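Enquirer: Top line first, the protein sequences correspond to chains A and B.
Once you know that position 125 of the first sequence is 125 in the numbering used here, the rest is easy, because the numbers rise by one and skip nothing.
If you want the numbering used here, it's the position in the second sequence, counting the first as 1, plus 249.
Glycine included, C-beta positions come from ideal geometry on N, C-alpha and C.
No experiment lies behind these values; they were computed from the predicted model shown.
Below: one structure in structure tokens.
Protein chains: 2
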Amino acid sequence: MDERTFLEGYDPAGFPAVAVTVDVVALTIRDGRLHVLLVERGAHPFAGWRALPGGFVRDETLDAAALRELAEETGLRPGEGALDRVHLEQLRSYGDPGRDPRMRVISVAYLAFAPSLPDPRPGSDAAGAFWVPVDEVAELAFDHAAVLADGLDRARAKLEYTPLATAFVGPEFTIAELRAVYAAVWGEELHAGNFHRKVLSVPGFVESTGETAPRAGERGGPKPRLYRAGDARLLHPALLRPAREDGIR
Amino acid sequence: MDERTFLEGYDPAGFPAVAVTVDVVALTIRDGRLHVLLVERGAHPFAGWRALPGGFVRDETLDAAALRELAEETGLRPGEGALDRVHLEQLRSYGDPGRDPRMRVISVAYLAFAPSLPDPRPGSDAAGAFWVPVDEVAELAFDHAAVLADGLDRARAKLEYTPLATAFVGPEFTIAELRAVYAAVWGEELHAGNFHRKVLSVPGFVESTGETAPRAGERGGPKPRLYRAGDARLLHPALLRPAREDGIR
DNA sequence: GAGGGTTGACCTCAGTGTGAGAACAAGCTA
DNA sequence: TAGCTTGTTCTCACACTGAGGTCAACCCTC
Numbered sequence: 001m002d003e004r005t006f007l008e009g010y011d012p013a014g015f016p017a018v019a020v021t022v023d024v025v026a027l028t029i030r031d032g033r034l035h036v037l038l039v040e041r042g043a044h045p046f047a048g049w050r051a052l053p054g055g056f057v058r059d060e061t062l063d064a065a066a067l068r069e070l071a072e073e074t075g076l077r078p079g080e081g082a083l084d085r086v087h088l089e090q091l092r093s094y095g096d097p098g099r100d101p102r103m104r105v106i107s108v109a110y111l112a113f114a115p116s117l118p119d120p121r122p123g124s125d126a127a128g129a130f131w132v133p134v135d136e137v138a139e140l141a142f143d144h145a146a147v148l149a150d151g152l153d154r155a156r157a158k159l160e161y162t163p164l165a166t167a168f169v170g171p172e173f174t175i176a177e178l179r180a181v182y183a184a185v186w187g188e189e190l191h192a193g194n195f196h197r198k199v200l201s202v203p204g205f206v207e208s209t210g211e212t213a214p215r216a217g218e219r220g221g222p223k224p225r226l227y228r229a230g231d232a233r234l235l236h237p238a239l240l241r242p243a244r245e246d247g248i249r
Numbered sequence: 250m251d252e253r254t255f256l257e258g259y260d261p262a263g264f265p266a267v268a269v270t271v272d273v274v275a276l277t278i279r280d281g282r283l284h285v286l287l288v289e290r291g292a293h294p295f296a297g298w299r300a301l302p303g304g305f306v307r308d309e310t311l312d313a314a315a316l317r318e319l320a321e322e323t324g325l326r327p328g329e330g331a332l333d334r335v336h337l338e339q340l341r342s343y344g345d346p347g348r349d350p351r352m353r354v355i356s357v358a359y360l361a362f363a364p365s366l367p368d369p370r371p372g373s374d375a376a377g378a379f380w381v382p383v384d385e386v387a388e389l390a391f392d393h394a395a396v397l398a399d400g401l402d403r404a405r406a407k408l409e410y411t412p413l414a415t416a417f418v419g420p421e422f423t424i425a426e427l428r429a430v431y432a433a434v435w436g437e438e439l440h441a442g443n444f445h446r447k448v449l450s451v452p453g454f455v456e457s458t459g460e461t462a463p464r465a466g467e468r469g470g471p472k473p474r475l476y477r478a479g480d481a482r483l484l485h486p487a488l489l490r491p492a493r494e495d496g497i498r
């Protein structure tokens, strides 16, 4: 039997029914704090609980499914600008039997990073969605608390060795804005002078626009220079976090 | 309707049929070269092609499915010793429509690291499995070439900041054996003196057994000291790869 | 419009980690 | 025994980092 004949006679019903979903850990920074997008579930199971936005995968790639869910839940449409600058990457998959009481569900989790996005639109599908500071997130539906924790770990680690922080700011930004991203994600302040030296010394991290901001910060200081994201995909040498206590190993 | 009533009336057949598989990128080092475990497919589709070992997920966790597939394909049984020391971690998931010509298949890929394992047992299910040097792998079935490439990237990166290399050697090892692991995975020699200094200076990477090997290497030299893996889960500071050419970014 | 406080950009200095090379003795093979 | 290989330890120059200071631009209040 050749492969064509085999495929024509193949019966897909011979395998156990499994559903595949995508769940998105969407992170943004508002007012200097790291926020995650959550929805309030209207339907069972876990009706009334907060959860990560997500849904069943249709006839599309996993990446496309994640982007679609994000667009639906924020009320933003791809092509509208804000969503085009979102950085999206796969986090990992979760598939313990029993993680969804309905049936066997494998969830492919995604991580999204975006510059400050508007509040989800009232009246749309996204009416039940909102941004929540990550340190105020309480219980979540399913195993979403673990998914969020894994996403935060990944985000914190990737700031070290990739230019990911530039995904949280606009197309032009100041060094101080970039430093605020690191401070919000890592939860600790960084030495301004050393950060400045480091960012400018890593090849391809940022490039100068030659411009300065039209005005200084609210509380004074000189007009800061503006930068764009550079073309580096990895930071060499890396921008390491201040040493965690040695015990963490 | 409360949640219990909802679940009792729930019909799992309302979702598109999707199959979930696990595929395993199992790596080991033999004769100083990095090898990957491959199988020769007996059944359609891709009959006769080489592929990563894998199969459909049953009523088990994803991790358990990966370990089961690895055991079946190597002919080793969990509890037999060798398999208990295997390090297994999830790599990522692949789910493009069309990646399997039969139906929609989501594959959760795993990465396994093991000390030199025996050849798969002839006569068992694993008769069609064999270790292949990674630089001699040609075309693979499905999108397995991309999966393997992602696995190698991950393995190479993790050597830098985790004590993963100790998963490729036995319970007691010499610094030179550890250096050979790095050389095999990274594909380049490391300065022996600097490597030695570095490994001993990173807290928790290795700990001395106080013993020396019973004899020196085949070509002479003093009897090397023996070490065990330490308790560190991350290397601080990291053991960085020799700088790739700057252009790679 | 003068003054105090804040900030961006830059600099210095000491300490740490790294790459490259060399020294030396133990142990192998011929 | 001779000659070579290898494990272990040093040395030295250089790069990077953390901590702190300097200075001028700029905001706000008085």
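How is the beta strand (DSSP E) around Glu338 (chain B) delimited, first residue to last?
Expert: Taken as a continuous stretch (DSSP letters only), the beta strand (DSSP E) holding Glu338 (chain B) covers 336-343.
Enquirer: Using alpha carbons as the reference points, say which of B:Tyr343, B:Pro369, B:Ala320 lies closest to Asp333 (chain B).
Expert: Among B:Tyr343, B:Pro369, B:Ala320, the Cα nearest to that of Asp333 (chain B) belongs to B:Ala320.
Enquirer: Could you check what DSSP says for Gly204 (chain A) in three-state terms: helix, strand or coil?
Expert: Residue state, collapsed to three classes: coil.
Enquirer: Can you look up Asp480 (chain B) in the DSSP assignment and give me helix, strand or coil?
Expert: Three-state DSSP puts Asp480 (chain B) in coil, outside helix and strand.
Enquirer: Taking Cβ-Cβ distances below 8 Å as the criterion, which residues of the region 96-125 of chain A are in contact with chain B?
Expert: Those residues of the region 96-125 of chain A that come within reach of chain B (Cβ to Cβ, closer than 8 Å) are Asp96, Pro97, Pro101, Arg102, Met103, Arg104, Ile106, Val108.
Enquirer: Under 7 Å between beta-carbons, which chain A residues line up against Ser450 (chain B)? List them in chain order, please.
Expert: Correct list: empty, because the minimum Cβ distance to chain A is about 13 Å.
Enquirer: Give the residues of chain A in contact with Thr423 (chain B), contact being defined as C-beta atoms less than 9 Å apart.
Expert: Those within 9 Å of Thr423 (chain B) in chain A number zero; the least Cβ separation is about 23 Å.
Enquirer: I'd like to know whether the C-beta of Arg241 (chain A) is nearer than 8 Å to at least one C-beta of chain B.
Expert: Chain B contact via Cβ: absent.
Enquirer: Identify whether Pro133 (chain A) lies in helix, strand or coil by the three-state DSSP scheme.
Expert: In this structure, Pro133 (chain A) counts as strand in the three-state DSSP scheme.
Enquirer: Is it buried or exposed for Lys407 (chain B), if we count other Cβ within 10 angstroms and need 16 for buried?
Expert: It is buried - the Cβ of Lys407 (chain B) has at least 16 other Cβ atoms within 10 Å.
Enquirer: Roughly how far, in whole angstroms, is the beta-carbon of Leu178 (chain A) from the beta-carbon of Val202 (chain A), given that I think they are within contact range, below 8 Å?
Expert: About 12 Å separates the two Cβ atoms, so there is no contact after all.
Enquirer: Say whether chain A places a C-beta atom closer than 8 Å to the C-beta of Leu500 (chain B).
Expert: Only positions 250 to 498 of chain B appear in the structure, and residue 500 (chain B) is not among them; the question remains open.
Enquirer: Check whether the Cβ atoms of Val434 (chain B) and Leu283 (chain B) lie closer than 8 Å to each other.
Expert: Yes; because the gap between Cβ atoms is below 8 Å, this pair is in contact.
Enquirer: Counting only beta-carbon atoms, is Gly496 (chain B) nearer than 8 Å to chain A?
Expert: Since pLDDT at Gly496 (chain B) reaches only 45, below the 50 mark, its modelled position is unreliable, and the value read off the structure follows with that caveat. For Gly496 (chain B), the answer is no, since every Cβ of chain A falls outside 8 Å of its Cβ.
Enquirer: Quickly, what does DSSP pair Phe113 (chain A) with across the bridge? List them, please.
Expert: DSSP output for Phe113 (chain A) lists A:Leu27, A:His87 as bridge partner(s).
Enquirer: Starting from the C-beta of Gly230 (chain A), find all residues in its chain whose C-beta is less than 6 Å away, skip the five residues before and the five after it, and write them out in chain order.
Expert: Once the five neighbours on either side are set aside, the close Cβ partners of Gly230 (chain A) are Gly204, Phe205, Val206, Glu207.
Enquirer: Mind pulling the chain A residues with CB within less than 8 Å of Glu309 (chain B)?
Expert: Within chain A, the residues near Glu309 (chain B) are Pro97.
Enquirer: Buried or exposed: where does His191 (chain A) fall if 16 or more other Cβ atoms within 10 Å of its Cβ makes it buried?
Expert: Per the 10 Å Cβ criterion, exposed.
Enquirer: Please compile the residues from chain A whose C-beta is within a distance smaller than 9 Å of the C-beta of Arg299 (chain B).
Expert: Those do not exist, as Arg299 (chain B) stays about 16 Å from chain A at its closest Cβ, beyond 9 Å.
Enquirer: Go to Glu318 (chain B), then tell me how far its alpha helix (DSSP H) extends in each direction, as first and last residue.
Expert: First-last of the alpha helix (DSSP H) with Glu318 (chain B): 311-323.
Enquirer: Name the one or two DSSP bridge partners that Gly220 (chain A) has.
Expert: According to DSSP, Gly220 (chain A) bridges with A:Gly217.
Enquirer: Shorter than 8 Å from the beta carbon of Val24 (chain A) to some beta carbon of chain B?
Expert: Not one chain B Cβ lies under 8 Å of Val24 (chain A).
Enquirer: For the ligand NAP, is there a heavy atom less than 7 Å away from the beta-carbon of Lys447 (chain B)?
Expert: With respect to the ligand NAP, the structure shown offers nothing to examine, as it has no ligands at all.
Enquirer: How should Ala149 (chain A) be labelled, buried or exposed, when 16 other C-beta atoms within 10 angstroms of its C-beta is the threshold for buried?
Expert: The residue is exposed, with fewer than 16 neighbouring Cβ atoms inside 10 Å.
Enquirer: When burial is assigned at 16 or more other CB atoms within 10 Å of the CB, is Gly496 (chain B) buried or exposed?
Expert: For Gly496 (chain B), the pLDDT reaches just 45, beneath the cut-off of 50, and the residue's location in the model is therefore unreliable, although a value from the coordinates is still provided. Exposed, because fewer than 16 other Cβ atoms sit within 10 Å of the Cβ of Gly496 (chain B).
Enquirer: When you compare only the Cα positions, how much space is there between Pro118 (chain A) and Gly436 (chain B)?
Expert: The straight-line gap from Cα to Cα measures roughly 48 Å.
Enquirer: Between which two residues does the beta strand (DSSP E) carrying Leu286 (chain B) extend?
Expert: Segment 282-289, the beta strand (DSSP E) holding Leu286 (chain B).
Enquirer: My output table needs one value for Ala292 (chain B): the three-state DSSP class, helix, strand or coil.
Expert: The answer is coil: DSSP assigns Ala292 (chain B) none of H, G, I, E or B.
Enquirer: Using the Cα positions of Ala429 (chain B) and Arg279 (chain B), report the straight-line distance between them to the nearest angstrom.
Expert: Roughly 11 Å between the two C-alpha positions.
Enquirer: From the DSSP output, read off the bridge partner residues of Val106 (chain A).
Expert: As written in the sequence, residue 106 (chain A) is Ile, which differs from the Val given in the question. DSSP lists A:Val20 as partners of Ile106 (chain A).
Enquirer: Can you tell me the Cα-Cα spacing of Phe6 (chain A) and Gly75 (chain A), whole angstroms?
Expert: Below a pLDDT of 50, predicted positions are generally treated as unreliable, and Phe6 (chain A), at 49, falls in that range; the measurement from the model is reported next regardless. Near 44 Å, if we compare the C-alpha coordinates of Gly75 (chain A) and Phe6 (chain A).
Enquirer: What three-state label does DSSP hand Ala51 (chain A) in the structure shown?
Expert: Looking at Ala51 (chain A) - three-state DSSP - the assignment turns out to be strand.
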